[in-house]
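Below: the structure, in structure tokens.
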Amino acid sequence: MQPFRFLTPSALTPFLRLQPFSSKSSLITRFFSIPPLFFHSLPIPYTPRLIHTTPVKMSYSSDEDQADPELLELLRQHLNGKRPSPTAADTGVLESAEFVYNHAIDVALDMRGCKKAANTIWEQMQQREYSPATWSTHELHPKEKNEETVKFIFAMDLLNFSFWSEKSEEERFQVEYRGKRWTGYWSLVAGLQRGLEEGIPITDPAFWINKQEFTLDVLRNVFRSATDEEIPLLQERFDCLREAGQVLYEKYDGSVLDLVEAANGSAAALVNLLASEFPCFADIHPHPGRRQPIRILKRAQIFVADLWACFEGQSYGSFSDIDKITMFADYRVPQMLWQLGCLLYGPTLEAAVREKKMIEHGGEWEMQLRACSIWCVELIRREIIREHPEAKGKVNAVLIDFFLYDAVKELEKEGGERIPHHRTRSIWY
3 MQPFRFLTPS ALTPFLRLQP FSSKSSLITR FFSIPPLFFH SLPIPYTPRL IHTTPVKMSY
63 SSDEDQADPE LLELLRQHLN GKRPSPTAAD TGVLESAEFV YNHAIDVALD MRGCKKAANT
123 IWEQMQQREY SPATWSTHEL HPKEKNEETV KFIFAMDLLN FSFWSEKSEE ERFQVEYRGK
183 RWTGYWSLVA GLQRGLEEGI PITDPAFWIN KQEFTLDVLR NVFRSATDEE IPLLQERFDC
243 LREAGQVLYE KYDGSVLDLV EAANGSAAAL VNLLASEFPC FADIHPHPGR RQPIRILKRA
303 QIFVADLWAC FEGQSYGSFS DIDKITMFAD YRVPQMLWQL GCLLYGPTLE AAVREKKMIE
363 HGGEWEMQLR ACSIWCVELI RREIIREHPE AKGKVNAVLI DFFLYDAVKE LEKEGGERIP
423 HHRTRSIWY
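Numbering of the sequence shown is given in the working numbering, commencing with residue 3 and proceeding in unit increments.
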């Protein structure tokens, strides 16, 4: 069990701000102090930060002591002879994120920063007319609204992870396509589009399971680089495609469309199907303070979100419960949340991020960064709706995430980043 760390010397008492909140099992109070002005340069009255001292153990009861309301409801429906509604499904991601946030030591939220960011984000989304339709305006995203696009998005989100490089912008992995060089996420999309144009059926599950035709060298050619650096985790990407193709053929007659239709119009149900039946989508991790694992499910959720945005909530993108999808915990959106003054790092973690040290996959730091980002975007969403009731039904965590990702990429292009993104290498993001 991780200890909580806090310090309340009498000399600091006048400067402490209490932020109480309730969890299912206990009431916990956090202590933040006024930090040095250099911690954030945004013009806000003050920015709280964490204080690290000698660990002091505090016990807390696990939320596992409580009955699972979703399972109880499913049991009641079964006993009453009712077929469960797909909208009754829940991904468990938001609950997991809140749990990690409640017990985090090295990552915290500045509530004033979140409030300010909510107003800024909503204003800019209005000015830019940000909506699901914005997804298709990106140069490389598919423009057709058909079955082939569903397959493209599935392949894209199977491989949507780990593009960062330690090399310079000129030396890092790049895909040359349509007279431009693409990096990061866009190198993935460019590679897929280029492969299809060259006659390689890279988005076809039947191709993925053909051991004679689909080989590691074929995938290497699809993502051939304009520089000497190869796309990161090439073998792992190959394994994801092969595995997903096998699952699709065993359970869905090889059809991504049948997989989508199996969720019966529920975003949460589709996320849960991906997480339970495709190991490469199971972004689920143990936590020392809880029997149930922490569910993050970045790529499973972003597949649903991309379908919803591409089809603008219609056809294959029609989901009655799209608001159950959270932000997609990667390494870019946390960076933007820090930039906005919403997310705060403890001194040791901040030093590691600034020095671009590798952060252990599955470790406390990584889990706190990802989970607290999910909870942060949820609070921003709630604040937007509280302050701007007209935003209800127009804004959700999906659109906020898309907006923040676009914003941080614009900052990167302009050289305006004040902190690097954290470095973790994994297939989950």
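For glycine and all other residues, C-beta sits at the position ideal for the given N, C-alpha and C.
Which of the three DSSP states, helix, strand or coil, is assigned to residue i?
i, result
"R420", "coil"
"K253", "helix"
"A311", "helix"
"M329", "coil"
"E150", "helix"
"R372", "helix"
"L346", "strand"
"S25", "Note that S25 scores a pLDDT of 39, beneath 50, so its modelled location is shaky and nothing firm can be said."
"R425", "strand"
"Y407", "helix"
"V397", "coil"
"I386", "helix"
Could you spell out where the beta strand (DSSP E) holding residue i opens and where it closes?
i, result
"R292", "292-297"
"L111", "109-111"
"E178", "177-179"
Based on Cα-Cα distance, which residue from the options lies nearest to residue i?
i, options, result
"M369", "I298, G315, N398", "I298"
"E279", "P290, A264, P288", "A264"
"H424", "W166, L96, H289", "W166"
"E389", "N121, D108, V258", "N121"
"L160", "R334, C116, L276, N104", "L276"
"L111", "G365, G348, G186", "G348"
"R420", "S428, A393, Q341", "Q341"
"D332", "T426, S138, V249", "T426"
"G365", "R239, H287, S257", "H287"
"E352", "I107, Q129, G94", "I107"
"L401", "R114, Y431, G94, Y132", "Y132"
"P312", "Q237, A192, R222, H140", "The amino acid occupying residue 312 in the given sequence is Cys; Pro does not appear at that position. Closest by alpha carbon: H140."
"E412", "R384, V335, A354", "V335"
"I382", "E125, D92, A91", "E125"
"K145", "D323, L309, P207", "L309"
"M158", "G94, V249, L190", "L190"
"P207", "E252, G193, G186, E199", "E252"
"G291", "T93, D92, A91, N104", "N104"
"S428", "E380, I376, I361, F404", "I361"
Applying the criterion that 16 or more other CB atoms from any shown protein chain within 10 Å of the CB defines a buried residue, is residue i buried or exposed?
i, result
"T151", "buried"
"K169", "exposed"
"N274", "buried"
"K415", "exposed"
"T217", "exposed"
"K84", "Residue confidence is low: K84 scores 46 on pLDDT, short of 50, so the model does not pin down where it sits. Its coordinate-derived value is still stated next. Classification for K84: exposed."
"L29", "Annotation note: pLDDT 32 at L29 (below 50); position unreliable, no value reported."
"T56", "Reliability fails at T56, whose pLDDT of 34 lies under 50, so the model's placement of it is uncertain and the value that follows must be treated cautiously. Exposed, because fewer than 16 other Cβ atoms sit within 10 Å of the Cβ of T56."
"Q195", "buried"
"M127", "buried"
"D398", "A small correction: the amino acid at residue 398 is Asn; Asp does not occupy that position in the sequence shown. With 16 or more Cβ atoms within 10 Å of its Cβ, N398 is classed as buried."
"D219", "exposed"
"Q129", "exposed"
"E172", "exposed"
"Q214", "exposed"
"G181", "exposed"
"R356", "exposed"
"G343", "buried"
"R384", "exposed"
"N148", "exposed"
"G115", "buried"
Cβ-heavy atom distance between residue i and the ligand NAP below 7 Å?
i, result
"I304", "Of the ligands one can find in the structure shown there are none, so the ligand NAP has no counterpart to examine."
Over the uninterrupted alpha helix (DSSP H) stretch that includes residue i, give me the two end residues.
i, result
"V273", "269-279"
"V258", "258-264"
"Y103", "95-104"
"I286", "I286 -> not in any alpha helix (DSSP H); beta strand (DSSP E) instead, spanning 286-289."
"W184", "It is not in any alpha helix (DSSP H) - W184 instead sits in the beta strand (DSSP E) that spans 182-184."
"V224", "218-224"
"E199", "187-199"
"V335", "335-341"
"A208", "207-210"
"W137", "136-139"
So residue i and residue j are in contact, right, with Cβ under 8 Å, and what is the actual spacing, rounded?
i, j, result
"T229", "F163", "So it is not a contact: roughly 20 Å between Cβ atoms."
"M338", "A409", "6 Å"
"A373", "A99", "4 Å"
"A270", "K326", "5 Å"
"F321", "K300", "Actually they do not touch by this definition, with Cβ atoms about 18 Å apart."
"V224", "G197", "4 Å"
"L243", "Y254", "Incorrect: roughly 15 Å between the Cβ atoms, too far for contact."
"G267", "P134", "With a Cβ gap of about 16 Å, G267 and P134 do not count as contacting."
"L386", "I123", "Reading off the sequence, residue 386 comes out as Ile, not Leu. At roughly 7 Å, the Cβ-Cβ gap stays under 8 Å, so I386 and I123 are in contact."
"F156", "V258", "5 Å"
"L236", "R226", "About 11 Å separates the two Cβ atoms, so there is no contact after all."
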